[in-house]
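Structure first, then comments.
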Amino acid sequence: MEVFVARQPIFTREKEIIAYELLYRNSQKNSFSDINGDVATTDVIINSFLNIGMNELSDGKPCFINFTENLLQSGVPAFFKPDEIVVEILESVEIGIELVNICKELKSKKFQIALDDFIFNKNNKHFFSLINYIDIIKVDFRNTTEEMRRVIERVSLKYNIKLLAEKVETLEEFESAVDKGYVYFQGYFFSKPVIVSTQEVPEYLQNHFQINQLLSKDEPDLNEITWLIEQDLSLSYKLLKLVNSPAFRGVNKINSIKQAVVRIGLKELKKWLYLLSIRGNVNEYSEWTREILHKSLTRAKMCEALAKQRYHQNESSSYFLTGMFSLMDTLLGMDMNHILKLMPLAANICEALKGETNQLKEILNLCISIEKGDWEDFDSWCDRLKIEDHFALNQYNEAFKWTKSIMMV
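Here the sequence shown is numbered in the numbering used here, starting from 75 and rising by one per residue.
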């Protein structure tokens with residue numbers, strides 16, 4: 075049985091990534107909770123994480139990992155280093171003396187412990203013993219009542235426990251959580267744009283738009299495109315570095331921009347221009363920015379692969395571009411409609427990026443369902459698109475690894 079892992083960032087108030095939650099699923103159409111017995115699951119989780127490599131998955135940051143009662147009893151957390159993971163205890167785990175002792179042992183080994191979807195029960199005498207070993211309480215901001223939230227917030231204040239708001243979907247929810255003392259945040263809000271007042275295109279993208287206009291002509295002028303790229307020292311350097319990287323596996327080293335454009339091809343160049351233009355120009359120290367770029371590239375590569383399989387299209391660059399540009403509004407803090415007026419993109423790509431339903435948007439939706447760890451939605455899109463879930467998950471893993479290699483170029 076294979077295991078597929080998606081990751082979801084956990085942010086601070088300043089949008090710095092403090093950790094990732096690993097969202098895992100097996101190769102069948104069910105979650106781990108449906109598998110009979112946790113002994114086999116223990117082996118699957120450990121082998122998969124060790125084979126993939128924790129550092130590869132998390133860029134050296136700690137990972138929140140869900141542990142069931144049986145996994146805790148089996149001592150699975152001990153397979154990891156304390157600075158690699160946060161032990162996340164599911165709400166299904168019974169709070170009793172055994173759990174208290176397990177957490178006491180984990181704390182003695184310097185592990186961090188988080189309670190997930192915790193429900194306060196003052197009648198359980200073991201609860202107050204357990205709470206002394208808890209570092210973080212996760213609160214589902216969508217499904218926890220305000221009354222229960224207030225109880226949790228009081229408990230966290232009394233015992234000096236950090237609060238993590240999960241399933242934060244809107245700016246209002248984020249601001250509300252900040253006001254109430256939450257310090258960590260998880261949810262799709264961080265992939266949504268916060269529109270800033272200016273409607274000016276950043277200077278570093280203006281050249282990109284000009285080149286894209288030329289590439290969109292029926293007969294693009296290679297010399298004119300080359301000349302424009304050569305006027306941008308940063309873009310020229312990054313293009314040469316990319317074309318000479320293992321990603322393009324050329325035999326002979328490329329030394330001129332024209333050679334680079336010929337090798338990469340005009341259609342491929344259109345795909346890469348956005349990434350090459352934006353990298354190093356936005357706040358390169360922003361982890362949030364790097365996360366958005368990582369997601370954009372992973373979506374692009376996966377959309378392309380799924381389109382080839384589902385629609386038998388060797389020419390799948392439109393799917394790549396849809397994935398690549400799907401978070402441009404978030405990255406630039408600009409309205410997507412305004413951006414698209416400046417971009418010479420095909421009508422079906424523009425429709426998908428505006429949220430209108432078409433083949434491109436459906437493939438993108440499948441990718442996003444994996445990102446979010448929404449396996450019910452994922453199964454629904456796989457069925458609708460007639461794509462094997464095993465194949466889709468494999469493509470996500472391949473796209474993730476490919477993105478890691480590209481981001482290092």
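For every residue, glycine included, the Cβ atom is placed at its ideal position computed from N, Cα and C.
Pick from Glu-246, Glu-243 and Tyr-256: whose alpha carbon is nearest that of Val-229?
Measuring from the Cα of Val-229, the nearest candidate turns out to be Tyr-256.
Can you check which of these residues, Val-242, Asp-451 and Ser-392, is closest to Gln-433 by C-alpha distance?
Of Val-242, Asp-451 and Ser-392, the residue nearest in Cα terms is Ser-392.
Beta-carbon within less than 8 Å of Phe-322's beta-carbon, same chain only, minus the 5 sequence neighbours each way: which residues are those?
The answer, listed in chain order, is Leu-316, Arg-337 and Ile-338.
Using a threshold of 7 Å, state whether the C-beta atoms of Leu-96 and Ile-163 are closer than that.
No, these two residues do not count as a Cβ contact at 7 Å.
Can you say whether Phe-215 is buried or exposed, counting buried as having 16 or more other CB atoms within 10 angstroms of its CB?
By the 10 Å Cβ count, Phe-215 comes out buried.
Residue range of the alpha helix (DSSP H) that Phe-192 falls in?
Neither: Phe-192 is in no alpha helix (DSSP H) and is coded neither H nor E.
Is it buried or exposed, Gln-469, if we count other Cβ atoms within 10 angstroms and call 16 or more buried?
By the 10 Å Cβ count, Gln-469 comes out buried.
Do Ser-479 and Leu-438 come within 7 Å of each other at the CB atom, strictly closer than that value?
No.
Using the DSSP secondary-structure output, state which residues sit across from Glu-95 in a beta bridge.
DSSP, once it has assigned bridges, lists Gln-82 and Phe-138 as partnering Glu-95.
Residues bridged to Phe-259 by DSSP?
Bridge partners of Phe-259: Phe-85 and Ala-239.
Does the beta-carbon distance from Pro-83 to Glu-342 come in below 7 Å?
Contact: no.
Flag this pair as yes or no: are the beta carbons of Arg-384 and Leu-459 separated by less than 7 Å?
Against a cut-off of 7 Å, the Cβ pair of Leu-459 and Arg-384 comes out as a contact.
With a floor of 4 residues, list each alpha helix (DSSP H) that falls wholly inside the stretch 335-382, ordered by position along the chain.
Runs found: 340-352.
Is the stretch 163-178 in contact with the stretch 203-215, if contact means three or more CB pairs nearer than 8 Å?
Touching, yes.
Mind checking Ile-299: buried by the 16 CB within 10 Å criterion, or exposed?
By the 10 Å Cβ count, Ile-299 comes out buried.
Check Val-225 in the structure and name its three-state DSSP category.
Val-225: helix per DSSP, three-state reduction.
Could you give the distance in angstroms between the alpha-carbon of Cys-441 and the alpha-carbon of Asp-451?
Each residue's Cα considered, the two are about 10 Å apart.
With distances taken Cα to Cα, identify the nearest neighbour of Ala-473 among Ile-159, His-368, Glu-462 and Gln-260.
The shortest Cα separation from Ala-473 among Ile-159, His-368, Glu-462 and Gln-260 belongs to His-368.
Hey, is the stretch 150-162 in contact with the stretch 180-189, meaning 3+ C-beta pairs nearer than 8 Å?
Touching, yes.
Secondary structure at Asp-457, three-state DSSP: helix, strand or coil?
In the structure shown, Asp-457 sits in a helix (DSSP, three-state: H, G or I).
Please report the distance separating the alpha-carbon of Asn-326 from that of Cys-456.
C-alpha separation (whole angstroms): 41 Å.
Pull up the DSSP beta-bridge partners for Asn-212, would you.
It is Lys, not Asn, that sits at residue 212 in the sequence shown. Paired residues: Asp-190 and Leu-238.
Please state whether the Cβ-Cβ distance between Phe-264 and Phe-85 is less than 7 Å.
Yes, they are a contact pair.
CA-CA distance, Gly-407 and Thr-363?
Approximately 11 Å, taken between the alpha carbons.
What does DSSP give as the partner residue(s) for Val-161 in the beta ladder?
Answer is Ile-139 and Ile-187, bridged to Val-161.
Between Ser-132 and the rest of its own chain, which residues show a CB-CB distance below 6 Å, the 5 nearest in sequence each way excluded?
Excluding residues within five positions, the ones whose Cβ falls inside 6 Å are Tyr-94.
Please say whether Glu-293 and Ile-331 have beta carbons closer to each other than 7 Å?
No; because the gap between Cβ atoms is not below 7 Å, this pair is not in contact.
Kindly list the residues whose CB is nearer than 7 Å to the CB of Asn-110, restricted to its own chain and excluding five residues on each side of it in sequence; keep chain order.
Low confidence applies to Asn-110: its pLDDT is 38, below 50, so where it sits in the model is not reliable, and the reading given next is rough at best. If we look at Asn-110 and ignore the five residues flanking it on each side, it has no Cβ neighbours.
Which same chain residues end up closer than 6 Å to Arg-373 when comparing Cβ atoms and leaving out the 5 residues on each side of it in sequence?
Excluding sequence neighbours, Arg-373 sits near Gly-397, Ser-400 and Cys-441.
What is the DSSP secondary structure of Lys-478, counted as helix, strand or coil?
Residue state, collapsed to three classes: helix.
When you compare the CB positions of Leu-347 and Lys-312, do they come within less than 7 Å of one another, or not?
Not closer than 7 Å, so no.
Should Glu-361 and Glu-90 be called a contact, given that it needs their Cβ atoms to be closer than 7 Å?
Going by C-beta atoms, Glu-361 is nearer than 7 Å to Glu-90.
Classify Thr-219 as helix, strand or coil using the three-state DSSP reduction.
Coil.
Please name the residue in Ser-290, Trp-476, Met-376 and Lys-266 whose C-alpha comes closest to that of Ala-420.
Of Ser-290, Trp-476, Met-376 and Lys-266, the residue nearest in Cα terms is Ser-290.
Less than 7 Å between C-beta atoms, sequence neighbours within five positions excluded: which residues of the same chain meet that for Lys-183?
Here the set comprises Pro-156.
For Leu-238, which residues in the same chain have their Cβ closer than 8 Å to its Cβ, ignoring the five residues on either side in sequence?
Result list for Leu-238: Ile-84, Ala-188, Ile-210, Ile-211, Lys-212, Val-213, Tyr-256, Val-257, Tyr-258, Phe-259 and Gln-260, in chain order.
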